[in-house]
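If you number the sequence shown the way the numbering used here does, the last residue is 1155 and the count never jumps.
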Amino acid sequence: MMNRSLMFFAIAVFVTATNAYSQKAPEKIAIIKADDVRGVTASWNRFFAISDKKGVKVSAGIICNSLLEDKKGYYQWLKSYQASGKVEFWNHGWDHKRWKDESLKERREFKGTGYDHQKKHFEDAQNIMKSILGDAPNAFGAPFNSIDANTVKVMNENTDMRLFFCYNAKGLQHKVLAPMALRGEHDGTGKPNFAKFKADYQKKKPLKFAAIQFHPNGFRDKQFVEYTKILDFLIAEGWTFALPSEYVTLQDNIKKKAK
Ligand SMILES: [Zn+2]
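Set out below in structure tokens:
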């Protein structure tokens, strides 16, 4: 379980370290957004180990119906990564479904499914994560990044929820928006390509923030190499890597100072 005082200590260290360089927040902040945790796998372990070796903290989204069963020490596995302070888990919905309704209109878990459906899926996911990890997650990213106005309403109704991985959302209250300003996987889901990443980066420069999305459970040797090159590049470019909770604290502090 992520001990609360440890978490605040980690945030304090992060903020203090930041202040040691300058009186303001780091100039370029990235959040590594890794999607689709469903259980313990060698690929996830390898992803967390590579990131840690580079000194990069990462966040990972859980598809929460996977938490109904504690297979292969799943709960303890999550807890120990969370307690390390190097990985933060977030709410990636309940079942990650998409389907076509009778009129063949496409529905996705958080798009076109109505308030009640979304509210239940969102809150069930929050609750089961809290019951296992001790604290409710403070970040959410919808499956396929597909949302509608009901998703924003459901988010706004939950005060634990502070950070929203989303390209754009109207009407968010007291939330921090974390857009995927840099694409992590240029060759399709689970397929990062460093050369294309770099070319895209040069075009989008200068950027101050980016959530960068990956699907590490689909990585094989080649993709781990590409991912590592992306990290090395961003480190050389002077990016700071934050957990969602750290980024929220930074943004709250900036707002407080501005008042
Ligand atoms: Zn997903």
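No residue lacks a Cβ here, since even glycine has one placed at the ideal position from N, Cα and C.
Practice task
Look at residue 939 and residue 984 and say whether their C-beta atoms are less than 7 Å apart.
Solution key: No; because the gap between Cβ atoms is not below 7 Å, this pair is not in contact.
Practice task
For residue 925, I'd like the list of residues in its chain whose CB is within less than 6 Å of its CB, leaving aside the five on either flank, ordered along the chain.
Solution key: 1105, 1136 and 1138
Practice task
Please state whether DSSP places residue 918 in a helix, a strand or coil.
Solution key: Since pLDDT at residue 918 reaches only 44, below the 50 mark, its modelled position is unreliable, and no value is offered.
Exercise for the section: Name the one or two DSSP bridge partners that residue 986 has. Expected result: Under DSSP, residue 986 shares a beta bridge with 957.
Practice task
Please determine, among 1101, 1118 and 960, the residue with the shortest C-alpha to C-alpha distance to residue 1089.
Solution key: 1118
Problem - Contacting residues, own chain, Cβ-Cβ under 6 Å from residue 996 (five flanking each side not counted) - result: Answer for residue 996: 1002, listed in chain order.
Exercise for the section: For the stretch 925-934 and the stretch 949-966, state whether three or more C-beta atom pairs, one from each stretch, are separated by less than 8 Å. Expected result: yes
Problem - Environment of residue 1153 [buried if 16+ CB atoms lie within 10 Å] - result: When all chains shown are included, residue 1153 counts as exposed.
Practice task
With a threshold of 16 other CB atoms inside 10 Å of the CB of residue 1000, please say whether the residue is buried or exposed.
Solution key: Residue 1000 comes out exposed.
Practice task
Could you tell me whether any non-hydrogen atom of ligand 1 is closer than 6 Å to the CB of residue 1033?
Solution key: no
Exercise for the section: Leaving aside the five residues before and after residue 1065 along the sequence, list all residues of the same chain whose C-beta is less than 6 Å from its C-beta, in chain order. Expected result: 1048
Handout entry: Rounded Cβ spacing between residue 1057 and residue 1034 (contact assumed at less than 8 Å)
Key = 6 Å
Exercise for the section: Please find out if some non-hydrogen atom of ligand 1 comes closer than 6 Å to the beta-carbon of residue 1088. Expected result: no
Handout entry: Neighbourhood of residue 1146 by C-beta distance below 6 Å, restricted to the same chain and skipping five residues each side
Key = 921
Exercise for the section: Report yes if the C-beta of residue 991 is less than 6 Å from at least one heavy atom of ligand 1; otherwise report no. Expected result: no
Problem - Proximal residues to residue 971 (C-beta, below 6 Å), its chain only, five neighbours per side dropped - result: 1028
Handout entry: Collapsed DSSP secondary structure at residue 1045 in the structure displayed
Key = helix
Problem - Test item: CB-CB of residue 1072 and residue 1121 under 7 Å - result: no
Problem - Closer than 5 Å: residues whose CB approaches a heavy atom of ligand 1 - result: Those residues are 931, 932 and 1039, given in chain order.
Problem - Cβ neighbour criterion (16 or more within 10 Å) applied to residue 1063 - result: exposed
Practice task
Let me know the secondary structure DSSP gives residue 1158 once reduced to three states.
Solution key: In the structure as shown, the chain starts at 897 and stops at 1155, and residue 1158 therefore has no counterpart that could be examined.
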